[in-house]
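In full-length UniProt numbering, the protein residues as written are 1 to 262. Backbone N, C-alpha and C fix where the C-beta goes; we use that ideal spot for every residue, glycine too. As the structure is a computational prediction, the values presented were derived from the model and not from experiment.
If you want it as structure tokens, here you go:
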């Protein structure tokens, strides 16, 4: 089992921001929750399972986080699964985000244990140069436990499509206001639904055999006092796959909001 890579600073900053959200979530989860770091040549995944079921899932393409080439070898189809503490991983990577050169390497060791004569563990060694004094090299070790069990067992790993939705700042502020209003009236859940309209224009984007051009975002919340629903138009679609053109929908409309009292 071998793993070492140089980190892409731009992808690392995005990954660290996502880890911050998971870090806050892990602090609220029960002690039965187990976070895993799954490394493959295609993507890097963070999986949090509680009682055998997936609570949270985060993934990023390996080429976005690592500089090519990188080393990743194992006896199980070049897939490495590590049990890791999300807080320690976040602290180490967040400390390196201001550095210009960052490397990460899996170090394995074997220590005696009370439960068994031999216990195999290790750590992820994050090494980076000091942002102020480049001649100083800092090393932070994140304890990990390599495992061989199938983390997909009794679980369904979410499928994240290779595209994203670009929401303008003004719409994002409106969405935030909607969520705050829903919270104030005591509603606990909000349903997000992206409605992708299909067209056949030459400048549309094709993803997984479907053509997408314009889109709308629908938010719905049901509660004891009132049911709220709002629709945002004019979302932009852009693909994370190389070679696909970005498409912007120029149709801008005001959000429509519906409220039904009990």
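Would you kindly report the start and end of the unbroken beta strand (DSSP E) that includes residue i?
i           : result
residue 333 : Here the chain has residues from 1 to 262 only, and residue 333 is not among them.
residue 130 : Note, residue 130: premise wrong, no beta strand (DSSP E); not H, not E.
residue 87  : Segment 86 to 95 is the alpha helix (DSSP H) holding residue 87; no beta strand (DSSP E) there.
residue 138 : 137 to 147
residue 6   : 2 to 7
residue 185 : Run containing residue 185: none; DSSP gives neither H nor E here.
residue 100 : Run containing residue 100: none; DSSP gives neither H nor E here.
residue 50  : 43 to 50
Bridge partners for residue i per DSSP, in chain order?
i           : result
residue 191 : 220
residue 225 : Per DSSP, none; premise fails for residue 225.
residue 233 : 216
residue 105 : 4, 125
residue 83  : 36, 145
residue 180 : Looking at the DSSP assignment, residue 180 forms no beta bridge with any residue, so it has no partner.
residue 19  : BP columns for residue 19 are empty, so no partner.
residue 12  : Paired residue(s): none; residue 12 is not in a bridge.
residue 281 : Given that the chain is displayed from residue 1 to residue 262, the structure contains no residue 281 and the question cannot be resolved.
Can you grab the Cα-Cα spacing for the pair residue i / residue j, in whole Å?
i           : j           : result
residue 4   : residue 221 : 45 Å
residue 195 : residue 1   : 43 Å
residue 85  : residue 144 : 7 Å
residue 217 : residue 88  : 36 Å
residue 135 : residue 102 : 13 Å
residue 140 : residue 6   : 15 Å
residue 50  : residue 147 : 17 Å
residue 171 : residue 187 : 21 Å
residue 79  : residue 20  : 25 Å
residue 56  : residue 227 : 27 Å
residue 93  : residue 24  : 16 Å
residue 35  : residue 47  : 6 Å
residue 184 : residue 100 : 44 Å
residue 33  : residue 83  : 11 Å
residue 215 : residue 137 : 48 Å
residue 224 : residue 182 : 11 Å
residue 44  : residue 60  : 5 Å
residue 142 : residue 91  : 9 Å
residue 108 : residue 95  : 23 Å
residue 106 : residue 174 : 44 Å
residue 180 : residue 14  : 25 Å
residue 18  : residue 176 : 19 Å
residue 230 : residue 189 : 14 Å
residue 192 : residue 126 : 37 Å
residue 123 : residue 97  : 19 Å
residue 22  : residue 58  : 9 Å
residue 233 : residue 16  : 30 Å
residue 207 : residue 104 : Its pLDDT being 48, under 50, residue 207 is placed unreliably in this model, and the value from its coordinates should be taken loosely. The straight-line gap from Cα to Cα measures roughly 33 Å.
residue 121 : residue 219 : 45 Å
residue 8   : residue 178 : 36 Å
residue 12  : residue 76  : 26 Å
Three CB pairs or more closer than 8 Å across the region 122 to 137 and the region 55 to 65:
no
With a cut-off of 8 Å, do at least 3 Cβ pairs link the region 32 to 47 to the region 71 to 81?
yes
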